[in-house]
Structure formats: C-alpha cells, structure tokens
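Protein chains in written order, with the numbering used here: chain A, 11 to 265; chain B, 4 to 474; chain C, 19 to 252. Here a beta-carbon is modelled for each residue, glycine too, at the ideal position from N, C-alpha and C.
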C-alpha cells in the first residue's frame with residue numbers, strides 16, 4: 011500500500027550510472043515508485059568524491075554546494091550506490107566543518123541520505139522485490155555500502171523474496187574488490203591483484219551472475235572477469251530487484 | 004631506519020611477484036583474522052571495551068603532559084630514571100651514553116618497534132657494542148640484515164627453508180649436517196644461541212606496550228619470554244618507548260590488555276604480561292640494578308591538536324594490517340618503513356614527512372576494514388584522507404592527478420556544460436564500444452592493462468529521463 | 019631549552035590551543051588518578067561460585083597448554099611435584115622461590131626430590147613458585163616480585179611449577195590488583211619491582227606463523243592447586 015503522503019525522494023543518479031548504465035537509474039526509479047515514493051531527479055553532475063578522495067578540498071566543496079542546493083527540497087536523497095551516498099552522508103558534514111552555515115545544510119542533507127536497498131527496506135518497509143529475473147547469483151558487499159551505509163542483509167533480504175533467484179555466498183564477500191576510485195589506476199598492480207582474488211572467489215561459487223550495489227566495483231569486477239575469460243554476467247542489484255532481465259549485462263553487447 | 008617509502012610502487016610490484024611472500028601472505032590473511040574473530044566472539048564485552056579504551060586514550064592524550072610528569076615522578080620514586088628524547092638522534096645518543104658509561108659490550112634486546120624507528124642497532128654497532136635481538140623473528144631478521152615486515156609478526160614473510168639456510172650460514176660452530184628441517188629444530192637452535200646472550204648481557208633493552216602514570220610502571224607483552232629474560236637477568240634495564248604509550252592507571256592498562264592480544268593474534272592474553280616498576284629492591288633476590296626509561300617524541304607531539312591526533316591512540320596490535328587487503332597483497336616491506344599497513348599510512352607521514360611517505364595514504368581503497376577492527380577505533384581512512392589533503396595543499400601530488408582533477412572539475416562544476424559534454428561523449432563511446440567493452444583505451448592503460456573497460460549504454464540517464472518525462 | 023621542557027611545552031601548547039581549561043586540568047588528572055572509572059569486565063566470571071571460578075580457571079589455563087592438578091593439602095605437594103617430573107622422565111632437582119609458605123611445605127616427605135631455594139641459576143631445569151592470584155577469566159597467574167619471589171624462576175628453567183592455594187583463585191585481573199594492593203599495604207610496600215602475568219607456557223609463531231611451544235621461557239607450566247573449596251562459598 012502506497013502511503014497517503016508519498017515522500018519526495020531525490021534520486022542521486024551518480025556519475026557512473028548517469029554516464030555508463032542508465033538502466034540502473036531507471037531500475038532505482040521503478041523500485042522507489044513501487045515502494046510508494048514520489049521520485050524526482052534534480053539536475054546534477056558529480057558529488058565530488060574523486061576530488062575529495064584525492065585531497066582536493068576546494069573542488070569537492072564547490073561540487074558539494076551545488077549538490078546540497080539541488081537536493082534541499084527533497085524529503086530523502088537516495089543513490090543506487092553506497093559510495094556516493096556515503097560521500098553525502100559521511101563526508102559532506104566533514105567538508106564544511108569550518109563553515110557553520112553550510113555545515114548545518116550539509117548535515118541536514120546527510121541525515122536524509124540513503125543507499126537504495128537500505129532505504130527501500132529499512133525506511134520504506136519494502137519486503138518483496140519485483141519478479142522478472144531468474145538465475146543463481148552471488149553478491150559482493152561494496153565497502154562504502156557495508157561500512158559507511160550499513161548495507162548488508164537488506165539487498166539479500168530483497169533477493170530472497172524473488173522466486174527465481176538463488177543466492178550463493180562467495181568467500182570473503184566483504185573484502186574489497188580493489189576498485190577504490192582512482193586507486194585502481196594509481197596503483198593498477200595492487201588493484202589487479204585484489205580483483206583477481208575477488209574473481210577467484212566469485213568463480214568458485216558457480217553462480218552465473220554477480221551482483222553488487224556500486225557500479226564502480228561492478229565495472230572493475232566485470233572488466234577482470236571478462237579479461238580472464240569467465241562467462242559470468244555482472245549486474246547492479248537494482249536491475250535484478252526491479253525485474254529487468256532484458257538489459258545486457260555490464261560489459262556485454264546489447265541483443 | 005632509512006625510509007624507502009617513496010619507492011612504494013616498485014617495491015609493491017616486486018612483492019606481487021615474489022613466490023615466497025605470496026605463500027606467506029596467503030597463510031597470513033586467513034590466520035590472525037580468523038583467530039581474532041573467534042576471540043571477539045568469545046568476549047561479548049568487546050565492543051564496550053573498545054569504546055572505553057578509546058575514551059581512556061582520548062582523555063590521556065588531552066592531558067598528556069600531566070600524565071607523563073606523573074609517570075616520571077613515580078619512576079623516580081621507585082628508584083628509576085626517565086630520559087626525554089626529542090628525536091631519533093637524541094634517543095640514540097642517550098642510550099649510547101648509558102651503554103658507554105657502563106662499559107657495556109653486549110646488549111640483549113627485546114622486541115621494540117621504536118628501536119627500529121630510531122635505528123638503534125646500527126648506532127650501537129658503530130660504537131663497537133654488540134646488540135642482539137632476542138625475539139625469534141627479530142633474531143632471524145637481524146641475521147639476514149632485514150627489517151620487520153609486520154609490527155607483531157616481524158618475520159612472517161620468511162619460509163622455514165630460508166631461516167634454516169640463514170642459521171647454517173651464521174651458526175658455523177654447530178655441526179654442518181645437523182637437521183634443520185622442522186620449525187622445532189630451528190626454534191631449539193635459536194633458543195640455545197640466545198641463552199648465552201641472556202646470561203651475559205650487560206644491558207637489556209626492551210620496548211613498552213604501555214606506561215602507567217599511577218605507578219611508574221612499564222608494561223611489555225610477549226609470548227616467548229625473551230623480553231623478560233632480557234630485562235630480568237641484566238644489570239641495567241633500559242625501556243625505550245614513545246610518549247603516547249602512557250595510560251593513567253593500572254585499571255586503564257588492564258582494559259587495554261583485554262583488547263591487545265585479542266586484536267593482535269586472537270589470543271585471550273599473551274603468555275607473558277610484565278609490569279616493571281623501578282630497579283631491584285634491596286631485598287629482592289634478582290632483577291636489574293638500574294631502571295631507565297627513554298621517552299621518545301620524534302614527531303608525535305606535533306600531531307596533538309590536529310586532525311591526525313587520533314592516530315596516537317594506537318596500541319600497536321597490528322589488527323589493521325592483519326585485515327588490510329592492500330597489506331595482504333604487498334606485505335610490509337613494500338611500505339618501506341617501520342610501521343606498515345594502515346597504521347603506517349596514517350602515522351608514517353608524521354614521522355618521515357609527507358613527501359617521503361606520500362604513497363602510503365594513497366595506497367588505500369578506503370575500504371574501511373582497518374577502522375572496523377581497530378581496538379581503539381582510530382578512523383584510519385579519515386586520517387589517510389587528511390594526509391592526501393596535506394599532499395594536495397603542498398602540491399606534492401603528481402601532475403597527472405592534479406591535471407586530471409582540474410580538467411574533470413572544469414566540467415563537473417558546470418552542470419549544464421557537464422550534461423551536454425557527457426551526453427555527446429557517451430554517445431560516441433557507446434557507439435565505439437558496440438562490442439560491450441574496450442580491450443584498450445587511450446589514457447586508461449592503468450585499467451585496460453589488466454581489465455576490459457565496460458562500454459557505456461550510449462545515452463546518459465539524465466538525458467533519457469528528461470526525454471521520458473517530456474516525451 | 020632542554021628536551022623535557024621542549025616536549026612538555028609542545029604538548030601544553032597543543033592542549034591550550036585546543037581550549038583545555040588549565041584551571042582544571044591538574045585537578046582533573048589528580049582526581050582521575052585517585053579514582054579511575056570502572057571499565058567493563060568479562061561477563062564470563064560474573065555470578066560464578068568459588069567452585070565455578072576454579073573450573074573456569076582450570077579450563078582457561080588448560081586451553082593455553084598449562085597443566086592443572088589438585089591436591090588436598092600442602093603435605094601432598096612434594097609427591098605431586100615428584101610424580102609430575104617423574105612422569106616426564108625428568109630429574110628431580112627443583113629450585114624453589116624463597117617464599118615462607120613454600121618453605122613450610124614438608125619437601126622431605128619425598129626424599130628423592132632435591133630442593134634448593136632462591137633465584138634461578140643458569141643450569142636450573144625446574145622452577146617452583148606460588149602465585150598471588152590465579153585469574154579465572156583467562157587462566158592467568160599473577161606473580162609479583164619481592165623478597166619471597168625471584169622473577170628468574172618464571173623464565174630461566176625449562177619447567178615452571180606453580181603451587182597455588184585454591185583460595186587464591188579470583189575472577190578478574192581487577193581482583194588480582196586489589197589483592198596485590200592489600201598485600202603490599204600490609205607489608206608497607208608500594209608497587210613491587212615486577213608483576214608477572216603468566217598464561218601458559220612460552221611459545222612462538224615467528225616461523226611460518228605456526229605456534230610452537232617452548233620458546234625462551236619454560237616449555238611447560240604445571241599448576242598444582244592446593245586445598246579444598248570452602249564449603250561456605252562453594
């Protein structure tokens with residue numbers, strides 16, 4: 011039952027979804043609407059995480075101000091990403107610690123910012139996803155989602171509600187895949203080592219599809235899986251929860 | 004010790020292809036973490052202890068001057084001496100003076116990372132004083148001329164075959180055909196060699212895990228008993244440690260001890276925990292005649308009052324590196340200095356400079372595992388992040404990073420331009436990547452060298468969404 | 019400026035910059051030193067009877083490789099020591115801490131034992147001590163130095179035998195500290211030179227991360243509990 015006064019949810023699309031995989035954004039919209047939300051997509055660019063992570067506070071601040079203004083009218087900000095939602099929730103308040111007026115605005119926004127699957131379950135009370143996808147899947151816990159945004163059992167609970175989906179846990183699902191934003195290009199050797207170990211854990215499950223909640227990690231793991239010749243589909247968990255079996259997996263040609 | 008942290012990428016690359024190291028690290032990453040998880044599960048109060056320990060350390064650090072003075076006064080009351088060292092050179096000269104005044108020829112050493120930090124052994128050797136490491140791992144490393152690769156398990160990177168070869172090369176007074184195949188053979192041989200050192204040392208030097216202001220006690224924690232033989236049998240016990248190790252009371256130290264071994268090795272407590280307070284009393288049957296404590300600053304006090312202050316809560320358990328996927332990949336030597344892993348990435352820039360150590364805080368995915376297991380809840384990623392800011396502010400980041408950020412920010416700060424440019428770029432990229440992924444891409448060799456790069460679907464979400472709403 | 023002043027001065031400057039109330043700081047520290055807050059303690063010992071503590075102590079000490087046995091009274095101790103050593107095929111020369119209670123044990127009941135008192139000598143194979151406390155939470159022995167206790171006995175011999183009166187078993191480290199404070203006060207002494215917590219025999223995992231017993235300290239720790247549990251508290 012949709013609530014009488016549906017909350018206005020601003021979708022934080024995230025750069026990677028906006029640019030590389032719009033289907034994740036549409037899946038998020040579908041799920042949020044199904045959960046009874048009024049979805050709005052404020053005009054947006056980037057949350058500033060690449061600048062923040064590389065120590066460029068000035069640029070991060072400028073981008074954060076734009077985002078705060080863009081989303082201030084929303085009851086909630088929700089992102090199909092633990093990393094980008096974590097940037098708003100954990101780091102925007104730190105960013106403005108010397109600017110009380112902006113700090114207050116940043117904190118107010120941070121308190122209303124959620125990762126998608128946690129928002130759907132813990133805030134909107136969704137307990138069944140939208141059927142349509144079938145397969146054996148394994149789920150990787152993205153670091154920011156797990157440790158900054160408290161995402162662990164929520165996506166698994168929603169996956170368990172899908173009749174055709176069978177979840178097999180991998181060894182060390184909570185171990186970093188080696189993406190780490192610019193880390194993966196600044197220290198490619200180490201990053202490759204980490205993602206190779208992750209790939210071994212994924213392959214060992216025998217699952218035919220890998221899921222996660224962050225597109226950065228997914229592109230990293232998909233890129234390594236395909237380079238090593240493993241025929242495993244990679245998808246954002248939102249696409250599966252929204253019952254979208256038609257979009258081609260990450261890194262695969264359409265049709 | 005001379006830092007090599009600026010060479011981190013090359014050292015890491017070597018580490019990734021070293022078969023002995025790979026074998027050691029494969030074993031390592033499932034050993035300590037599993038033991039720690041079990042120890043934590045067996046102590047339901049563990050989380051409450053972490054919060055209490057953090058509070059104790061925060062309180063102590065904000066009153067560090069008072070607690071150090073109280074500690075000093077109690078050491079004096081018990082007949083001991085306290086020496087203050089601003090930096091590594093001063094700490095070395097204090098210990099050299101103590102050794103020379105006592106005409107010391109042989110020094111037994113318990114495990115001390117601060118001793119590595121100040122390069123003590125080389126200084127003693129230059130003065131003609133033989134200093135022998137007595138912790139088994141440290142002893143092996145001293146023979147090899149290596150430095151520890153882990154703050155708790157210093158020789159974890161070595162195989163028993165390597166150790167056996169080192170013992171054959173060094174212990175030439177023993178029969179050459181003796182069996183050294185089993186770890187127990189190696190242990191027995193080292194035990195025999197070091198027994199004479201314990202019995203004949205003029206001075207024993209140990210570190211300290213904690214200092215207690217209430218009593219003037221220094222605390223060491225070991226499993227081998229080497230630290231105790233070092234400090235009990237020699238005439239003079241010198242404790243070398245950092246100023247941040249002090250806690251107010253025995254009760255506070257007890258709290259810390261409940262966390263230390265569980266976090267480090269997953270033991271409930273180590274075999275030996277020793278509280279040392281002053282020299283031998285008049286009617287004691289044994290113990291050192293002299294007791295000296297050398298308190299080292301070496302950049303620590305400069306962290307007080309900064310956002311990095313929290314790193315001084317560290318109790319050197321090593322849990323952060325035990326759980327770090329980057330440490331698991333490259334091991335400790337890649338970091339190029341005394342303190343590797345996440346704690347090194349957070350601490351080393353303060354001790355050896357941001358320029359030398361700049362790679363260390365960058366070589367992290369900010370996965371946050373370290374902070375989640377730290378017994379005193381040091382926000383390690385936050386501190387690493389702060390060092391990245393210092394690096395950027397001081398213009399020490401490589402030009403590629405600075406220019407890349409600048410170019411990206413140019414668009415990202417202008418949403419309309421951003422949407423326009425990205426919409427075109429993704430169309431082009433999507434069309435070029437019809438196969439689904441790129442095998443190589445200009446300027447993205449770091450990625451496509453080992454990974455395919457998934458192609459974009461073609462249109463941006465924002466443009467599609469706009470069409471859908473208005474279409 | 020001397021180093022002590024320089025270091026303390028830098029710490030003070032940072033504290034003041036951070037807004038520490040200098041009017042209160044010294045008093046806060048004095049107050050905290052005088053009465054530290056109570057920290058959480060392991061629930062595993064809470065509500066245990068004396069018998070329960072003995073069981074937990076035995077379980078924890080055994081888990082880390084110590085041996086634990088019980089005798090009813092001190093007169094049985096020489097037999098327990100001799101039988102333990104004979105069982106290992108070991109010689110019967112023992113070096114015993116100069117503790118009045120240990121001295122009072124009728125060692126001559128077992129003439130084959132060769133007994134000497136004092137600190138450990140280089141060739142000693144067996145050290146015998148008592149302990150101020152056996153702490154149940156981890157099976158830990160708390161052994162302070164003093165005129166009656168030589169620290170070398172805990173580390174130099176190959177075998178460490180601890181004769182522990184049953185009523186010395188307590189729940190937590192805090193209780194052991196409390197016991198130490200009372201004892202030192204009664205003797206008119208402050209903190210002893212050394213307080214040793216011993217939990218099982220010495221070991222190392224420095225070769226290939228494999229735990230091996232008998233590093234530099236004793237390879238065996240045998241705890242002989244002496245007495246009957248007090249029926250009033252059991």
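Proximal residues of chain B, C-beta to C-beta of residue i below 8 Å
i, result
"residue 200 of chain A", "15, 19, 329, 332, 333 and 366"
"residue 142 of chain C", "The contacting residues do not exist; residue 142 of chain C stays about 12 Å from chain B at best."
Whole-angstrom distance between residue j and residue i, CA atom to CA atom
i, j, result
"residue 27 of chain B", "residue 207 of chain A", "16 Å"
"residue 116 of chain B", "residue 351 of chain B", "13 Å"
"residue 62 of chain B", "residue 374 of chain B", "20 Å"
"residue 216 of chain B", "residue 136 of chain A", "55 Å"
"residue 85 of chain A", "residue 52 of chain A", "13 Å"
"residue 116 of chain A", "residue 103 of chain A", "5 Å"
"residue 128 of chain C", "residue 142 of chain C", "19 Å"
"residue 224 of chain B", "residue 433 of chain B", "60 Å"
"residue 356 of chain B", "residue 308 of chain B", "18 Å"
"residue 330 of chain B", "residue 344 of chain B", "6 Å"
"residue 136 of chain B", "residue 223 of chain C", "16 Å"
"residue 123 of chain A", "residue 99 of chain A", "6 Å"
Within chain B, the residues that residue i reaches when beta carbons sit closer than 7 Å
i, result
"residue 54 of chain C", "251, 252, 254 and 255"
"residue 173 of chain C", "228, 231, 232 and 235"
"residue 196 of chain A", "365"
Cross-chain neighbours of residue i in chain C, by beta carbon under 8 Å
i, result
"residue 48 of chain B", "58, 59, 60 and 61"
"residue 88 of chain B", "21"
Closer than 9 Å at the beta carbon, the chain C residues around residue i
i, result
"residue 194 of chain B", "232, 233 and 234"
"residue 302 of chain B", "Those do not exist, as residue 302 of chain B stays about 11 Å from chain C at its closest Cβ, beyond 9 Å."
Per-residue contacts from residue i into chain A (C-beta, under 8 Å)
i, result
"residue 530 of chain B", "A question about residue 530 of chain B goes unanswered here, because the residues of chain B that appear run from 4 up to 474."
Neighbouring residues, chain B, relative to residue i (Cβ below 9 Å)
i, result
"residue 204 of chain A", "328, 329, 331, 332 and 368"
"residue 227 of chain C", "27, 30, 31, 34, 35, 156 and 159"
As assigned by DSSP and simplified to three states, the class of residue i
i, result
"residue 212 of chain C", "strand"
"residue 358 of chain B", "helix"
"residue 142 of chain B", "helix"
"residue 163 of chain C", "coil"
"residue 109 of chain B", "strand"
"residue 22 of chain B", "helix"
"residue 146 of chain A", "strand"
"residue 57 of chain B", "helix"
"residue 143 of chain C", "coil"
"residue 176 of chain C", "coil"
"residue 247 of chain B", "helix"
"residue 176 of chain A", "strand"
Contacts that residue i makes with chain A (C-beta to C-beta distance below 9 Å)
i, result
"residue 309 of chain B", "The contacting residues do not exist; residue 309 of chain B stays about 13 Å from chain A at best."
"residue 340 of chain B", "Simply none; closest approach about 18 Å."
"residue 167 of chain B", "Going along chain A, no residue has its Cβ under 9 Å from residue 167 of chain B, so there is no contact; the nearest lies around 29 Å."
Residue i: contacting residues in chain D (beta-carbon distance under 7 Å)
i, result
"residue 99 of chain C", "This model lacks chain D altogether, as its protein chains are A, B and C."
Proximal residues of chain C, C-beta to C-beta of residue i below 7 Å
i, result
"residue 163 of chain B", "225 and 226"
Open item on the list: Check whether the stretch 142 to 155 of chain A and the stretch 88 to 99 of chain A are in contact - that is, three or more C-beta pairs closer than 8 Å.
Closed with: With a cut-off of 8 Å on Cβ pairs, the stretch 142 to 155 of chain A is in contact with the stretch 88 to 99 of chain A, counting three or more such pairs.
Open item on the list: So, does the stretch 84 to 92 of chain B touch the stretch 94 to 105 of chain C, judging by three or more C-beta pairs under 8 Å?
Closed with: The stretch 84 to 92 of chain B is not in contact with the stretch 94 to 105 of chain C.
Task: Three-pair Cβ contact test at 8 Å for the stretch 458 to 470 of chain B versus the stretch 416 to 426 of chain B - done: Yes: the two stretches touch, three or more of their Cβ pairs being nearer than 8 Å.
TODO: Using a Cβ-Cβ cut-off of less than 7 Å, give me the residues of the stretch 23 to 40 of chain C that come near chain B, in sequence order.
DONE: For chain B, the residues of the stretch 23 to 40 of chain C that bring a beta carbon within less than 7 Å of one of its beta carbons are 24, 25, 26, 28, 29, 30, 32, 33, 35, 36 and 38, in chain order.
- [ ] Using a Cβ-Cβ cut-off of less than 7 Å, list which residues of the stretch 27 to 60 of chain B approach chain C; keep chain order.
- [x] For the stretch 27 to 60 of chain B, the set of positions with a beta-carbon nearer than 7 Å to some beta-carbon of chain C reads 30, 31, 34, 46, 47, 48, 51, 52 and 55 in chain order.
Open item on the list: For the pair the stretch 21 to 33 of chain C and the stretch 137 to 150 of chain C, tell me if three or more CB-CB distances fall below 8 Å.
Closed with: With a cut-off of 8 Å, the stretch 137 to 150 of chain C and the stretch 21 to 33 of chain C do not count as touching, because too few Cβ pairs lie within range.
- [ ] Compile a chain-ordered list of the residues in the stretch 417 to 442 of chain B whose CB is closer than 7 Å to at least one CB of chain A.
- [x] Of all residues in the stretch 417 to 442 of chain B, those with a C-beta nearer than 7 Å to a C-beta of chain A are 418, 421, 425, 429, 437, 438, 439 and 440, reading in chain order.
Task: Validate contact between the stretch 200 to 220 of chain C and the stretch 324 to 340 of chain B using beta carbons, cut 8 Å, 3 pairs - done: Touching, no, given that fewer than three Cβ pairs across the two stretches are closer than 8 Å.
Open item on the list: By the 7 Å beta-carbon criterion, what residues does the stretch 195 to 220 of chain B contribute toward chain A?
Closed with: Residues: none.
- [ ] Mind the definition here: the stretch 209 to 226 of chain C touches the stretch 257 to 274 of chain B only if three or more C-beta pairs lie below 8 Å; say whether that holds.
- [x] They touch, by the three-pair rule.
- [ ] State whether the stretch 359 to 374 of chain B contacts the stretch 383 to 394 of chain B, with contact taken as three or more CB pairs (one from each stretch) at a distance under 8 Å.
- [x] Counting Cβ pairs under 8 Å, three or more are found: they touch.
Open item on the list: At a CB distance below 7 Å, what residues from the stretch 21 to 45 of chain A approach chain B? Give them in sequence order.
Closed with: So the close ones are 23, 27, 28, 29, 30, 31, 32, 33 and 35.
Open item on the list: Quick check: the stretch 108 to 123 of chain C against the stretch 131 to 141 of chain C, are at least 3 beta-carbon pairs closer than 8 Å?
Closed with: Enough Cβ pairs lie closer than 8 Å, so yes.
Task: Validate contact between the stretch 39 to 59 of chain B and the stretch 44 to 51 of chain C using beta carbons, cut 8 Å, 3 pairs - done: Touching, no, given that fewer than three Cβ pairs across the two stretches are closer than 8 Å.
Task: Contact residues within the stretch 169 to 187 of chain B, judged by C-beta distance below 8 Å to chain C - done: Within the stretch 169 to 187 of chain B, the residues whose Cβ lies closer than 8 Å to some Cβ of chain C are 186 and 187, listed in chain order.
Task: Against chain A: residues of the stretch 446 to 467 of chain B by CB proximity under 9 Å - done: The residues in question are 447, 448, 449, 450, 451, 452, 453, 454, 455, 456, 457, 458, 459, 460, 461, 462, 463, 464, 465, 466 and 467.
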